[in-house]
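To start, the structure itself, in structure tokens.
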Amino acid sequence: MKLLDKNIVLGVAGGIAAYKAADVVSRLKKQGANVYVIMTKNGAEFVSPLTFQSLSQNYVVTDMFEDPKSWDVEHIALAKR
Numbered sequence: 001m002k003l004l005d006k007n008i009v010l011g012v013a014g015g016i017a018a019y020k021a022a023d024v025v026s027r028l029k030k031q032g033a034n035v036y037v038i039m040t041k042n043g044a045e046f047v048s049p050l051t052f053q054s055l056s057q058n059y060v061v062t063d064m065f066e067d068p069k070s071w072d073v074e075h076i077a078l079a080k081r
């Protein structure tokens, strides 16, 4: 497990490559990485956030203005992990 306990933030935007991102998350998890996905609204039109939540086993950030899970700014909190 090359990536054991490494934290990776994967951004998914609106494009056909969003489908490939699901495979990337799956492969990273198999190598032991902790994967956190952030998505644009258009990215969620290609692949459901639930797909990434299931694959990553982590909450998927889809809106920078959604009610925070904590007082941390989401993208900064993810970078600190």
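For what it's worth, UniProt numbering labels the leading residue of the sequence shown as 1, then goes sequentially. Glycine included, C-beta positions come from ideal geometry on N, C-alpha and C. Quick caveat, the model's predicted, so the values are computed rather than measured.
Handout entry: Test item: CB-CB of valine 9 and tyrosine 36 under 9 Å
Key = The sequence position of residue 9 within the sequence shown is 9, counting from 1. The sequence position of residue 36 within the sequence shown is 36, counting from 1. The Cβ atoms of valine 9 and tyrosine 36 sit closer than 9 Å to each other.
Exercise for the section: Determine the burial state of serine 48: buried for a count of at least 16 other Cβ atoms within 10 Å of its Cβ, exposed for fewer. Expected result: Locating residue 48 in the sequence shown gives position 48, where the first residue counts as 1. Under this definition serine 48 is an exposed residue.
Handout entry: Cβ separation of asparagine 34 and aspartate 63, assumed to be a contact under 8 Å, to the nearest whole Å
Key = In the sequence shown, residue 34 corresponds to position 34, counting from 1. In the sequence shown, residue 63 corresponds to position 63, counting from 1. Rounded, the Cβ-Cβ distance is 22 Å, inconsistent with contact.
Exercise for the section: Using beta-carbon positions only, say whether glutamine 57 and lysine 29 come within less than 9 Å of one another. Expected result: Translated into positions along the sequence shown, residue 57 becomes position 57. Translated into positions along the sequence shown, residue 29 becomes position 29. Contact: yes.
Practice task
Have a look at glutamate 45 and isoleucine 38 and give me their C-alpha separation to the nearest angstrom.
Solution key: What you label residue 45 is simply residue 45 of the sequence shown in a count that begins at 1. What you label residue 38 is simply residue 38 of the sequence shown in a count that begins at 1. Using only the alpha carbons, I get a separation of about 14 Å.
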